[in-house]
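Novice: Just so we're aligned, residue 1 is where the sequence shown starts under UniProt numbering, counting upward by one. If you scroll down you'll find the structure; I have some questions about it.
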Amino acid sequence: MNFRTNRQTDRRTDRQTRALYISDENLDDDEYSGRPSAVDNEQLRGEENPRTTLKDIGSRLSVSSRTVGTHMKKIGKSQKLDKWVPHELTQHKKDRSYELASALLLRNRNDPFLDRIVTCDEKWILYDNRRRSGQWLDEDQAPQHFPKPKQHGKKVMVFVRWSAAELIHHSFMNPDETVTAEKYCQEIDEMHRKLQLMSPALVNRKGPILLHDNARPHVAQLTLRKLMELGYGTLPQPPYSPDLAPTEYHFFKHLDGFLKEKCFKTQHDAAAAFDDFIASRSPDFYANGVD
């Protein structure tokens, strides 16, 4: 037996094992050979394509995806999914929205009218407002159980009418009701009755201006005749523009935050939670939503 040859083979095997061990010590940059280049945070801030992946950036900078991710966090960047919207606006609709908004700004500068606005909308309130979320746990810990939401969970619709001064009127629909032009006109009548008591000067002298979207019941001939009968003006509203509707971007946004993680068993419970939300608002809440 050749012991010398065996010893040489053993030493060669040891060297190969040590080389493999050393090459695996730094897992962050094992995708690349050579010394990793420094990551310039300012260069990351100036990244023009927000949809580029960590892998693509890492390939350009010769560092790992993990390293890029670490630097992204350091400069305050986080990955977010696109927000779902019901309709994609064409350039024509965007231009029209900008045109109307500019005209309204000019009108308010020449003849202030924000204190005359009465804005309104409808919203579904879910009975179960919980959302499943991730949990930071030890490796041997099992996550908590979360009930799978029903595809068609219980909910109730609330009508909201308010101004820069206060909430004027709200009501809840019965489960078997639908929003029709007739129902909408009934809500307008009730709002008008309350507004006459709350702001008689607005109703009798200045004249209210209604701001609502272009849903069918809102623009039906029956509704238009009702508004003319009561002496209400309206503000033009481009289609699919929730960013121009204070009830959407302000009132309902805060209501959603208030209802987060709450569960209701009955419509009465949901209505009570809405009343609690209204009671928790200061007068500035309404003014900030319209101004």
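In this text, a Cβ means the ideal position worked out from N, Cα and C, and glycines have one as well. As the structure is a computational prediction, the values presented were derived from the model and not from experiment.
Whose C-beta lies closer than 8 Å to the C-beta of Thr-234 among residues of the same chain, with five residues either side of it excluded?
Specialist: In the sequence shown, the residue the question calls residue 234 occupies position 234. Excluding residues within five positions, the ones whose Cβ falls inside 8 Å are Ile-209, Leu-210, Leu-211, His-212 and Leu-227.
Novice: What separation, rounded to the nearest whole angstrom, lies between the Cα atoms of Ser-65 and Glu-42?
Specialist: By 1-based counting over the sequence shown, the position of residue 65 is 65. By 1-based counting over the sequence shown, the position of residue 42 is 42. Answer to the nearest angstrom: the Cα atoms are 17 Å apart.
Novice: For Lys-260, name the three-state secondary structure that DSSP assigns.
Specialist: Within the sequence shown, the letter at position 260 stands for residue 260. Note: Lys-260 maps to coil in three-state DSSP.
Novice: Pick helix, strand or coil for Glu-122, following the three-state DSSP scheme.
Specialist: Stepping through the sequence shown from its first residue, residue 122 is reached at position 122. The answer is strand: DSSP assigns Glu-122 an E or B state.
Novice: Flag this pair as yes or no: are the beta carbons of Ala-270 and Tyr-127 separated by less than 9 Å?
Specialist: Residue 270 sits at position 270 when you count from the first residue of the sequence shown. Residue 127 sits at position 127 when you count from the first residue of the sequence shown. Their beta carbons are under 9 Å apart, which means Ala-270 touches Tyr-127 by this criterion.
Novice: For Leu-195 versus Tyr-286, is the C-beta spacing smaller than 9 Å?
Specialist: As a position in the sequence shown, residue 195 is number 195, starting the count at 1. As a position in the sequence shown, residue 286 is number 286, starting the count at 1. Taking 9 Å as the Cβ cut-off, Leu-195 and Tyr-286 do not qualify as a contacting pair.
Novice: Let's see if you can read the secondary structure: which residues bound the alpha helix (DSSP H) around Arg-225?
Specialist: Working through the sequence shown from its first residue, we reach residue 225 at position 225. It spans 221 to 230 - the alpha helix (DSSP H) in which Arg-225 sits, taken as one unbroken run.
Novice: Taking DSSP's pairing of strands, which residues face Ile-209 in a bridge?
Specialist: Residue 209 sits at position 209 when you count from the first residue of the sequence shown. Bridge partners of Ile-209: Ile-117 and Gly-233.
Novice: For Val-160, which of helix, strand or coil comes out of DSSP?
Specialist: For this step, residue 160 is matched to residue 160 along the sequence shown. Looking at Val-160 - three-state DSSP - the assignment turns out to be strand.
Novice: Output needed for Leu-259: all residues of its chain with C-beta closer than 6 Å, excluding positions within five of it in sequence on either side, in chain order.
Specialist: Position 259 of the sequence shown, counting from 1, holds the residue named residue 259. Counting only Cβ-Cβ distances below 6 Å, and skipping sequence neighbours, we find Asn-129.
Novice: Assuming Pro-246 and Val-219 are in contact, meaning their beta carbons sit under 8 Å apart, how far apart are those beta carbons, in whole angstroms?
Specialist: Here residue 246 refers to the residue found at position 246 of the sequence shown. Here residue 219 refers to the residue found at position 219 of the sequence shown. Not confirmed; about 19 Å, so no contact.
Novice: Mind checking Ile-188: buried by the 16 CB within 10 Å criterion, or exposed?
Specialist: Within the sequence shown, numbered from 1, the residue matching residue 188 stands at position 188. Classification of Ile-188: buried, given that the 10 Å Cβ count is 16 or more.
Novice: Smallest Cα separation from His-250: which of Asp-284, Gln-237, Asp-276 and Glu-261?
Specialist: Translated into positions along the sequence shown, residue 250 becomes position 250. Closest option to His-250, Cα to Cα, is Asp-284.
Novice: Determine the direct distance from the alpha carbon of Pro-239 to that of Met-173, and round the result to whole angstroms.
Specialist: Your numbering for residue 173 matches position 173 in the sequence shown. Your numbering for residue 239 matches position 239 in the sequence shown. When rounded, the distance between both Cα atoms is 25 Å.
Novice: Opposite Lys-155 in the DSSP bridges: which residues?
Specialist: On the sequence shown, position 155 is the one that residue 155 refers to. Paired residue(s): Leu-126.
Novice: Taking 7 Å as the limit between beta carbons, can you name the residues of its chain near Leu-44, skipping five residues before and five after?
Specialist: The residue you call residue 44 lines up with position 44 of the sequence shown. For Leu-44, where only same-chain residues beyond five positions count, the Cβ hits under 7 Å are His-71, Met-72 and Ile-75.
Novice: Taking buried to mean at least 16 other C-beta atoms within 10 Å of its own C-beta, is Glu-182 buried or exposed?
Specialist: Here residue 182 corresponds to residue number 182 of the sequence shown, with the count starting at 1. That one is exposed.
Novice: For Glu-31, I'd like the list of residues in its chain whose CB is within less than 7 Å of its CB, leaving aside the five on either flank, ordered along the chain.
Specialist: Translated into the one-based positions of the sequence shown, residue 31 becomes position 31. Note that Glu-31 has pLDDT 46, beneath the 50 cutoff, so the model's placement of it is unreliable and the number below is only indicative. Excluding sequence neighbours, Glu-31 sits near Ser-64.
Novice: What are the partner residues of His-268, as DSSP defines its beta bridges?
Specialist: Position 268 of the sequence shown, counted from the first residue, corresponds to residue 268. Partner(s): none; His-268 has no beta bridge.
Novice: Going along the chain, which residues of its own chain have a beta-carbon closer than 7 Å to the beta-carbon of Ala-273, five neighbours each way excluded?
Specialist: The residue labelled residue 273 in the question sits at position 273 within the sequence shown. Cβ neighbours of Ala-273 beyond the five flanking positions: Leu-259, Lys-262 and Phe-264.
Novice: With the cut-off set at 9 Å, would you say Leu-61 and Val-39 are in Cβ contact?
Specialist: Taking the first residue of the sequence shown as 1, we reach residue 61 at position 61. Taking the first residue of the sequence shown as 1, we reach residue 39 at position 39. Their beta carbons are under 9 Å apart, which means Leu-61 touches Val-39 by this criterion.
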